[in-house]
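Letter by letter, the sequence shown follows residues 0 to 288 in numbering that gives the first Met the number 0.
Here the structure is laid out as structure tokens; the discussion comes afterwards.
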Amino acid sequence: MAPPSGDSNVVVSSNVKLERLLSMKGGKDEASYANNSQAQAKHARSMLHLLKETLDGVELSMPETPFVVADLGCSSGNNTIFIVNVIIEHITKRYEASGYSGVPEFSAFFADLPSNDFNTLFQLLPPLANQGVGSMEECLASTGHRPFFAAGVPGSFYRRLFPAKSIDVFYSAFSLHWLSQVPEIVLDKSSMAYNKGKIFIHGANKTAANAYRKQFQTDLAGFLKMRSKEMKKGGSMFIALLGRTSEDPTDQGGAGLLFGTHFQDAWDDLVQEVIISYGFMIRLHIVFP
Ligand SMILES: C[S@@+](CC[C@H](N)C(=O)[O-])C[C@H]1O[C@@H](n2cnc3c(N)ncnc32)[C@H](O)[C@@H]1O
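Structure representation (structure tokens):
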């Protein structure tokens with residue numbers, strides 16, 4: 000994640016501003032998200048059979064109608080391109096097997112917050128294949144060409160991103176544990192839910208943990224409401240996000256421990272070194288539901 004550039008002591012005073020500032024580290028250098036997302040890539044690959052099961056349930060329309068895929072929280076790097084290719088190859092094969100006269104043209108929307116490095120993502124996209132209904136060979140990503148039209152969509156997935164009934168498949172991986180906002184109550188020093196200036200619920204009391212849970216539930220409900228308007232009839236959605244195996248906020252384990260302690264320590268160091276302010280840090284809250 001990249002801290003806001005330029006001003007070394009930024010205090011972000013509203014959650015809307017936070018949405019505009021936060022992003023994974025862009026570019027393609029050693030420290031970029033594109034070069035540090037192998038864990039996400041590995042987990043996404045381990046779930047491909049589940050993704051394909053979901054895709055088997057998607058209703059296929061006549062091939063004259065474009066088939067539309069959207070990756071929500073795509074970030075920048077090859078993970079999203081890989082997944083979109085998997086989805087399109089699978090749907091292409093389904094069209095082939097279903098006796099339709101051809102395959103549709105495909106369209107892929109890469110959606111993330113406006114601060115995402117869409118430029119790097121677009122540079123990673125291979126050239127567009129010469130599409131056309133029925134051109135199965137050219138539609139396969141293995142030809143080194145991109146079998147879909149591509150577009151970036153800047154915006155929060157907690158709000159509307161697409162026209163009504165326009166998307167066949169939504170995919171979102173490792174993104175929905177980002178809350179839309181910090182629950183105000185965990186910032187209130189007089190509240191039982193005060194999280195003592197920490198950005199995470201590791202070691203928090205039950206009231207603080209519940210405040211995060213409530214925020215997550217509100218956010219997820221909002222997310223699903225938006226997608227229910229945007230999805231075509233017969234469409235499907237595949238969501239993967241980090242979760243918890245225990246209700247006890249002190250019991251994180253695995254990735255939870257990484258975010259709950261090491262991540263917190265790293266932010267504390269940045270505050271100590273006056274690279275970011277405490278005010279910025281306390282507005283950075285992530286939750287594992
Ligand atoms: C860990 S990355 C996951 C990227 C990619 N899906 C993958 O599997 O490698 C999480 C992404 O979610 C995005 N994100 C977080 N909150 C978001 C929101 N409200 N709306 C859209 N994207 C969001 C972040 O900007 C980030 O790029």
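Just so you know, even glycine gets a beta-carbon here, dropped at the ideal spot from N, CA and C.
Nearest-angstrom beta carbon gap, residue j and residue i [assumed within contact, 8 Å]
{"i": "V185", "j": "L54", "result": "The pair is not a contact, with the Cβ atoms about 39 Å apart (cut-off 8 Å)."}
{"i": "L241", "j": "F173", "result": "7 Å"}
{"i": "N77", "j": "Q39", "result": "Wrong, their Cβ atoms sit about 11 Å apart, outside the cutoff."}
{"i": "L175", "j": "S114", "result": "Incorrect: roughly 18 Å between the Cβ atoms, too far for contact."}
{"i": "F237", "j": "Y170", "result": "5 Å"}
{"i": "K27", "j": "T119", "result": "6 Å"}
Which residues DSSP lists as bridging residue i, in chain order
{"i": "I238", "result": "S171"}
{"i": "G151", "result": "F109"}
{"i": "M191", "result": "In the DSSP output, where bridge partners are listed per residue, M191 has none listed."}
{"i": "R289", "result": "Nothing in the structure corresponds to residue 289, since the chain is present only between 0 and 288."}
{"i": "I166", "result": "M230"}
Candidates the options: closest to residue i by CA position
{"i": "K51", "options": "I87, K41, K27", "result": "I87"}
{"i": "S66", "options": "M230, L269, S45", "result": "The displayed chain sequence assigns Phe, not Ser, to residue 66. Considering only alpha carbons, the answer is M230."}
{"i": "L71", "options": "I82, F109, E95", "result": "F109"}
{"i": "K41", "options": "T64, R19, I82", "result": "I82"}
{"i": "D116", "options": "S31, V273, A210, M236", "result": "S31"}
{"i": "Q263", "options": "I238, F199, K205, K213", "result": "F199"}
{"i": "G101", "options": "D247, S60, I80", "result": "S60"}
{"i": "N35", "options": "S75, S190, H201", "result": "S75"}
{"i": "S190", "options": "E63, N209, L269", "result": "N209"}
{"i": "E58", "options": "C73, E246, K228, G234", "result": "G234"}
{"i": "T357", "options": "T244, P182, E272, G26", "result": "In this structure the chain extends from 0 to 288, so residue 357 is not present and cannot be described."}
{"i": "K24", "options": "S106, A43, H261, C73", "result": "C73"}
{"i": "M225", "options": "E246, Y157, I80", "result": "Y157"}
{"i": "A239", "options": "D28, L49, L21, A33", "result": "L49"}
{"i": "M46", "options": "A149, K27, V85", "result": "V85"}
{"i": "H261", "options": "T206, R44, K197", "result": "K197"}
{"i": "R243", "options": "R212, V270, G221", "result": "R212"}
{"i": "A43", "options": "I80, G221, E246", "result": "I80"}
Same chain, Cβ closer than 7 Å to residue i, neighbours up to 5 away in sequence not counted
{"i": "R145", "result": "L124, P125, P126, L127, A128"}
{"i": "M135", "result": "With a pLDDT of 46 at M135, under the threshold of 50, the predicted position of this residue should be treated as unreliable, though the coordinate-derived value follows. For M135, where only same-chain residues beyond five positions count, the Cβ hits under 7 Å are T91, E95, V102."}
{"i": "P62", "result": "Y94, Y99, S100, G101, V102, P103, V132"}
DSSP three-state assignment for residue i, whether helix, strand or coil
{"i": "V185", "result": "helix"}
{"i": "V83", "result": "helix"}
{"i": "D70", "result": "strand"}
{"i": "F262", "result": "helix"}
{"i": "V273", "result": "coil"}
{"i": "R226", "result": "helix"}
{"i": "K27", "result": "coil"}
{"i": "K41", "result": "helix"}
{"i": "S12", "result": "Here S12 scores only 44 on pLDDT, less than 50, and its place in the model is too uncertain to base an answer on."}
{"i": "K289", "result": "A query on residue 289 cannot be resolved here, the shown segment of the chain reaching from 0 to 288 and no further."}
{"i": "I90", "result": "helix"}
Check: residue i C-beta below 8 Å from any heavy atom of ligand 2
{"i": "M23", "result": "Among the ligands present in this structure, namely ligand 1, ligand 2 is not found."}
Same chain, Cβ closer than 6 Å to residue i, neighbours up to 5 away in sequence not counted
{"i": "E18", "result": "L112, S155"}
{"i": "Q214", "result": "L178, P182"}
{"i": "G151", "result": "F109, F117"}
Close beta carbons around residue i, own chain, < 8 Å, minus the five adjacent residues each side
{"i": "S165", "result": "V67, E229, K231"}
{"i": "R159", "result": "M225, K228, E229"}
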